[in-house]
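Trainee: One point on numbering: in UniProt numbering, the residue at position 280 of the sequence shown is 280, and numbering is uninterrupted. C-beta: ideal position from N, C-alpha, C; glycine also. If you scroll down you'll find the structure; I have some questions about it.
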Amino acid sequence: MVTKLADLEVYLVGGAVRDQLLGRKVVEHDYMVVGASQQQMLNLGFQQVGKDFPVFLHPETKDEYALARTERKQGQGYTGFVCYAEPDVTLEQDLIRRDLTVNAMAQAPNGDIIDPYHGQQDLDNRILRHVSPAFSEDPLRVLRVARFAARYHQYGFTIADDTLALMTNIAVSGELKALSAERVWKEVDRALAEPNPEVFIETLRACGALKALWPELDKLWGIPNPAEHHPEICSGEHTMLVLKQAVKLSVDPKVRFASLCHDLGKGLTPEAKWPKHHGHELAGVKVIEQVAARLKVPNDYKLLAAKVSQFHLNVHRAFELKPSTVLKLLEQCEYQRKPELLANILLVCRADSLGRLGAEHNDYPQADYIAELANVSKQVTAKPFVEQGLQGKAIKEAMTAAKINAVAEKKAELLAKLS
Numbered sequence: 001m002v003t004k005l006a007d008l009e010v011y012l013v014g015g016a017v018r019d020q021l022l023g024r025k026v027v028e029h030d031y032m033v034v035g036a037s038q039q040q041m042l043n044l045g046f047q048q049v050g051k052d053f054p055v056f057l058h059p060e061t062k063d064e065y066a067l068a069r070t071e072r073k074q075g076q077g078y079t080g081f082v083c084y085a086e087p088d089v090t091l092e093q094d095l096i097r098r099d100l101t102v103n104a105m106a107q108a109p110n111g112d113i114i115d116p117y118h119g120q121q122d123l124d125n126r127i128l129r130h131v132s133p134a135f136s137e138d139p140l141r142v143l144r145v146a147r148f149a150a151r152y153h154q155y156g157f158t159i160a161d162d163t164l165a166l167m168t169n170i171a172v173s174g175e176l177k178a179l180s181a182e183r184v185w186k187e188v189d190r191a192l193a194e195p196n197p198e199v200f201i202e203t204l205r206a207c208g209a210l211k212a213l214w215p216e217l218d219k220l221w222g223i224p225n226p227a228e229h230h231p232e233i234c235s236g237e238h239t240m241l242v243l244k245q246a247v248k249l250s251v252d253p254k255v256r257f258a259s260l261c262h263d264l265g266k267g268l269t270p271e272a273k274w275p276k277h278h279g280h281e282l283a284g285v286k287v288i289e290q291v292a293a294r295l296k297v298p299n300d301y302k303l304l305a306a307k308v309s310q311f312h313l314n315v316h317r318a319f320e321l322k323p324s325t326v327l328k329l330l331e332q333c334e335y336q337r338k339p340e341l342l343a344n345i346l347l348v349c350r351a352d353s354l355g356r357l358g359a360e361h362n363d364y365p366q367a368d369y370i371a372e373l374a375n376v377s378k379q380v381t382a383k384p385f386v387e388q389g390l391q392g393k394a395i396k397e398a399m400t401a402a403k404i405n406a407v408a409e410k411k412a413e414l415l416a417k418l419s
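Here it is as structure tokens:
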């Protein structure tokens, strides 16, 4: 019987073991306790935090300690499980319920690795492989494995064929519909922050999950663009190229999400009008709003994506715009109240321009040009017009005229330098 902390049979488990063996920095340490009960953990000063299964915080380090447990599928989705976490559950029984072999290893206090399902071998071979057929019982694992693929692609990892087949079966079965929007978005958001988020999207598409969860994006594959602007032709392929460029430009997941959404409006273009897509910019705003509502996308993500969709062609044509049109564009992008928003819009527009075959190393002077015009416009204030005795609407009209003049002068100067 457990009487003190030192008596606990404790193992380091999961990602900490995996990343330690891979040589990655270990961020979180999760522990498994074998042979103890919930009451014994409470008696030792642990604080219980798990609702669906017993997870405890260490009284001093606050690291997570979970009792070894088994799970039995009872209902639909990722919550339809009956958990059993009594002292007779073994280490091997707990590890077999995990998703991937590389996540099903444990480390004893003396440093020994317990690896009943050959996770080290798959780690060495750079394979993401399911532990057991029970993988199919949890549809959330489709998203998790795709996210792991995005994280570990840089190390050469690929998904085992039989695991991808199980993911495909889950997608076809309709089980993904049982996932809550919040849980889906959490995985998408985390995947966007990974080193290769395009691998996440490509994996979901390969197993049919993208069509089930984000059909507006999946639809872009096979929709053509004019070859003179898009040598890659396919809208889906272009979107992946844009995402890759966005990754190079920013670690902000909002920027990466907007890059995925910038051409969603092309999915509404009638086939008879292909490969042109007149009006896809504004059409895309409505699609983004629908996606955001369904997946519970945060408002700041939605705002950036919608602004990029609506105005990316105007930014591309920046040198052709009249000063008054430039000012209107800046105001619609909330350049004074939300300067970060305009900066991110320009980042995604740059990624869109470079995200084409053969254009990866091109310049994109439009971004700096718009930023410069925004800066000169910001320098126009109400103070001199108030000092002139103007009031109310007259002040606003005078400021607008002054901003247009400032933009016109700066435009002439910048274009002269570019010519």
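1) Just the C-alpha distance for Asp363 and Leu241, rounded to the nearest angstrom, thanks.
2) Between Asp263 and His278, is the Cβ-Cβ spacing less than 9 Å?
3) Write down every uninterrupted run of the alpha helix (DSSP H) in the UniProt domain "HD" (235-336) whose length is 4 residues or greater and which is fully enclosed by it, in chain order.
4) Nearest to Leu143 by CA position, among Ile96, Gly50, Leu204, is which residue?
5) If you drop the 5 nearest sequence neighbours on each side, which residues of the same chain put their C-beta closer than 7 Å to that of His58?
6) Between the C-alpha atoms of residue 481 and Lys177, what's the straight-line distance to the nearest angstrom?
7) Would DSSP call Gln388 helix, strand or coil?
8) Where do the N-terminal and C-terminal ends of the beta strand (DSSP E) with Leu12 fall, by residue?
9) Tell me the rounded alpha-carbon separation between Gln245 and Pro54.
10) Any idea which residues DSSP pairs Ile114 with across the strands?
11) Mind checking whether Asn344 and Val255 have CB atoms under 9 Å apart?
12) Nearest by alpha-carbon distance to Pro87: which of Gln38, Asn103, Val172 is it?
13) Can you tell which of Arg98, Arg147, Val188, Glu71 has its C-alpha closest to the C-alpha of Val291?
14) Could you tell me whether the segment 153-165 touches the segment 120-133, where touching means 3 or more Cβ pairs closer than 8 Å?
15) Kindly confirm or deny that the segment 343-360 and the segment 283-298 touch, where touching means at least three C-beta pairs closer than 8 Å.
16) Is the beta carbon of Thr90 less than 9 Å from the beta carbon of His118?
17) Could you spell out where the beta strand (DSSP E) holding Asp368 opens and where it closes?
18) By Cβ distance, which residues of its chain are closer than 8 Å to Arg400, with the 5 residues on each side in sequence left out?
19) Would you call Tyr155 buried or exposed, if buried means 16 or more other Cβ atoms sit within 10 Å of its Cβ?
Mentor: On the basis of the coordinates in this document:
1) For this step, residue 363 is matched to residue 363 along the sequence shown. For this step, residue 241 is matched to residue 241 along the sequence shown. Near 16 Å, if we compare the C-alpha coordinates of Leu241 and Asp363.
2) For the purposes of this step, residue 263 is taken as the residue at position 263 of the sequence shown. For the purposes of this step, residue 278 is taken as the residue at position 278 of the sequence shown. Result no, Cβ atoms of Asp263 and His278 do not sit closer than 9 Å.
3) Qualifying alpha helix (DSSP H) stretches, in chain order: 235-249, 253-261, 280-295, 299-316, 323-332.
4) Looking up residue 143 in the sequence shown gives position 143. Ranking the options by Cα distance to Leu143, first place goes to Leu204.
5) For the purposes of this step, residue 58 is taken as the residue at position 58 of the sequence shown. Apart from the 5 residues on each side of it in sequence, His58 sits with its Cβ closer than 7 Å to the Cβ of Phe46, Tyr65 in its chain, given in chain order.
6) There is no way to answer for residue 481, as the model of the chain reaches only from 1 to 419.
7) Taking the first residue of the sequence shown as 1, we reach residue 388 at position 388. Gln388 sits in coil when the DSSP states are folded into three classes, being neither helix nor strand.
8) Counting from one through the sequence shown, the residue named residue 12 turns up at place 12. First-last of the beta strand (DSSP E) with Leu12: 9-13.
9) Reading the sequence shown from its first residue, position 245 is the one you call residue 245. Reading the sequence shown from its first residue, position 54 is the one you call residue 54. One C-alpha to the other measures close to 43 Å.
10) As a position in the sequence shown, residue 114 is number 114, starting the count at 1. Per DSSP, the beta bridge partners of Ile114 are Ala106.
11) Mapped onto the sequence shown, residue 344 falls at position 344. Mapped onto the sequence shown, residue 255 falls at position 255. For Asn344 and Val255, yes; Cβs fall inside 9 Å.
12) For this step, residue 87 is matched to residue 87 along the sequence shown. Minimum Cα distance to Pro87 is reached at Gln38.
13) For the purposes of this step, residue 291 is taken as residue 291 along the sequence shown, with counting starting at 1. Closest in alpha carbon position to Val291, among Arg98, Arg147, Val188, Glu71, is Val188.
14) Verdict: yes, contact present.
15) Touching, no.
16) Position 90 of the sequence shown holds residue 90. Position 118 of the sequence shown holds residue 118. No, the pair does not count as a contact, with Cβ atoms beyond the cut-off.
17) Along the sequence shown, one-based indexing puts residue 368 at 368. Segment 365-378 is the alpha helix (DSSP H) holding Asp368; no beta strand (DSSP E) there.
18) Counting from 1 along the sequence shown, the entry for residue 400 is found at position 400. Correcting the residue identity first, residue 400 is Thr in this sequence and not Arg. Here Thr400 has Leu327 as same chain residues with Cβ atoms under 8 Å from its own Cβ, once five neighbours each way along the sequence are excluded.
19) As a position in the sequence shown, residue 155 is number 155, starting the count at 1. Flag for Tyr155 reads exposed.
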